[in-house]
Amino acid sequence: MRIYEGSPRQDFEEVFRSIGAFIDQRVMRDVLLVEAPDGFIVQGVVTAGGSGGTWSEAMGSQTKETLTFLDDDIARFMEESVARRGHASPEAKNALAGFYETALRVIGRYIDEQKPRDVFFFEQDGAFVVRLFQFGQAGGHHTLAEFTRDDIAQMVNQGPTLRVPVPAPKPA
0 MRIYEGSPRQ DFEEVFRSIG AFIDQRVMRD VLLVEAPDGF IVQGVVTAGG SGGTWSEAMG
60 SQTKETLTFL DDDIARFMEE SVARRGHASP EAKNALAGFY ETALRVIGRY IDEQKPRDVF
120 FFEQDGAFVV RLFQFGQAGG HHTLAEFTRD DIAQMVNQGP TLRVPVPAPK PA
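Counting in numbering that gives the first Met the number 0, the sequence shown runs without a single skipped number right up to 171 at its last residue.
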């Protein structure tokens, strides 16, 4: 979410995690995500129908679905995501998460570290290509990064080492 108008978006990790949870619920794949001034545009392939008599009917029909999420929608997704996870341990929270919730969370963390002005990425077969627009003293430039399915798994496994330890309560 933006702190003030024109500022870079804040906390991509949690924003993308909540969008990923929505994508998991919709059973989307081959996802494209574009940051817009007031939210995100998400596009993906969904399979509808199925279970008919012939082979092609049993597979259902695949369509490309395009959704626009405004910042208010994202805020609601984030609240629902936190409520769904509750106060479970990090391991239990990860067990509840689907592929996209987990993958987009770790990509969001990477993006937070880069501090971009604008984000665009697409996924195909579990691999992601991310384009970030960054602005520095030399002006604006785009940076590309690619994450394979193995890279995502490695980033997820490294997650616990990146968490800030919570201090143990002092004895009374």
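Where is the CB? At the ideal position from N, CA and C, for every residue including glycine.
Asked, Found
"Per DSSP, which residues does Phe21 bridge with? Please list them.", "In DSSP, Phe21 forms no bridge with anything."
"Alpha carbon to alpha carbon, how far is Gly138 from Gln42? Give it in angstroms, no decimals.", "30 Å"
"State the CB to CB distance for the pair Val44 and Lys63, rounded to an integer number of angstroms; the pair is presumed to be in contact (CB under 8 Å).", "6 Å"
"Helix, strand or coil for Ala152, going by three-state DSSP, please let me know.", "helix"
"May I ask you to report which of helix, strand or coil DSSP gives Thr101?", "helix"
"Taking the straight line between their C-alpha atoms, what separation do you get for Tyr99 and Asp72?", "18 Å"
"Return the CA-CA distance between Gly107 and Arg75, expressed in angstroms with no decimal places.", "18 Å"
"Are Ala82 and Gly19 closer than 8 Å when you measure CB to CB?", "no"
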